[in-house]
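Position in the sequence shown (first residue = 1) + 1452 = my numbering.
Glycine is no exception: its CB is placed at the ideal position from the N, C-alpha and C atoms.
Here the structure is a predicted model, which is why all the values come from computation and not from measurement.
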Amino acid sequence: MSTTAGTQLDRKLRLMTYLSPGAIPLGLLDLLRDLLESELGVEVYIIYESRWSGPPPGRADPFSTDDADIALMCSTAYLRMVQDQNKHFELCHAAPVHDHQQNNGRPFYFSEVIIHSSNQKKFKDFHALKGCRWAYNDDLSLSGSLVVLAELKKLGFNASFFGDVIKSGSHLKSLDMIIDHQVEAAAIDSTVVVNYKRQYPERADKLKTLTSFGPLPIQPIVFNKKLPAPLKEQITKALLAMHTKSEWMHRLQSFGVTKFTQIDESLYELEHEINELVKGLTIAPAYY
């Protein structure tokens, strides 16, 4: 255990999540807390925000107010802060690699088009969903809305491809609505699907992946710029080495994360491309 980090920080290390309990299980947050406390010799406390997947527009972010040191957030919120030229945060150059059949060890995730398993004969491919009851979590969600609009545009359609379109408010709620037959399909963050099935194994066989859209850049970890540079480097190195130490590797992989890998800002150029493709489009129904 390193003690040098503790002398660099005159307060507790505050780890904030906007991605729990959906994309990041609370148990994984506990693991990251334990890792940093053990490897860096600092006390770490978790801040949990479930209302948004990142700092919302119109509210001060936790870095400009100095209320968090590290945060896990969606890439859409991260890119908005970059575009706003926010000077109070920076990207952590370590990101998780999730276990997915199409991932090939890369820091990506996918948008899973999910249906109820009882509808497999009715919906054999994405085209068969034309006119279906569709749920989405949020208008600006990369996996729930934007990549869906991009795929529809490539096929020559827009959101009118679907019948009823219902805003659920979260990926978890969309999955519940599919299981309860309130809707017929939704596009869900692949990490949320994995964690949902792990948490509710009795419901797992009721969910069927029809197809996957992506890859999409994984949700980033960001630093408060006020953190000392040596401490940020130690945190990054601890994350990147996590899978090489058995005491951390087994716990990490139990959450479907194989390792952390090195990234930079270029990873999120893919989301810029998707945003440009769907500019002016919306998944929400239009009323006249």
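Check, Outcome
"Need the endpoints of the alpha helix (DSSP H) that C1699 sits in, please.", "Strictly speaking, residue 1699 in this sequence is Glu, with Cys absent from that position. That run of the alpha helix (DSSP H) goes S1698 to Q1705."
"Cβ atoms of G1621 and N1647: under 9 Å apart, would you say?", "no"
"Could you give the first and the last residue of the continuous alpha helix (DSSP H) run that contains R1466?", "Counting along the chain, R1466 falls outside any alpha helix (DSSP H), though it belongs to the beta strand (DSSP E) covering L1465 to T1469."
"So, for A1656: in the same chain, excluding its five sequence neighbours on each side, which residues have a beta-carbon less than 7 Å away from its beta-carbon?", "K1649"
"Could you check what DSSP says for G1615 in three-state terms: helix, strand or coil?", "coil"
"On the three-state DSSP scale, how would you describe A1475?", "coil"
"Helix or strand or just coil, what does DSSP make of Y1500?", "strand"
"In chain order, what residues of the same chain lie with their CB nearer than 8 Å to the CB of S1569, ignoring the 5 residues before and after it?", "D1657, K1658, L1659 and K1660"
"Tell me whether K1660 sits in a helix, a strand or coil according to DSSP, three-state version.", "strand"
"Y1588 lies in the beta strand (DSSP E); which residues open and close that run?", "W1586 to Y1588"
"By DSSP, does H1540 sit in helix, in strand, or in coil?", "coil"
"Could you give the distance in angstroms between the alpha-carbon of I1618 and the alpha-carbon of E1489?", "43 Å"
"Is the separation between the beta-carbon of Y1720 and that of Y1530 shorter than 9 Å?", "yes"
"Going by DSSP in three states, T1643 sits in which element: helix, strand or coil?", "helix"
"Decide if K1711 is buried, meaning its Cβ has at least 16 other Cβ atoms within 10 Å, or exposed.", "buried"
"At a cut of 8 Å, does the segment 1471-1491 reach the segment 1522-1529 through at least three beta carbon pairs?", "yes"
"Out of N1727, T1734, T1643 and K1684, state which residue places its alpha-carbon closest to the alpha-carbon of H1550.", "T1643"
"Spatial neighbours of Q1572 within its chain, please: C-beta separation below 7 Å, excluding the five flanking residues on both sides.", "K1660"
"Identify, in the order they occur along the chain, each residue of the same chain with its Cβ nearer than 8 Å to the Cβ of N1610, setting aside the five sequence neighbours on each side.", "L1601, L1604 and L1733"
"Could you check the C-alpha separation between Q1705 and E1491 for me, to the nearest Å?", "19 Å"
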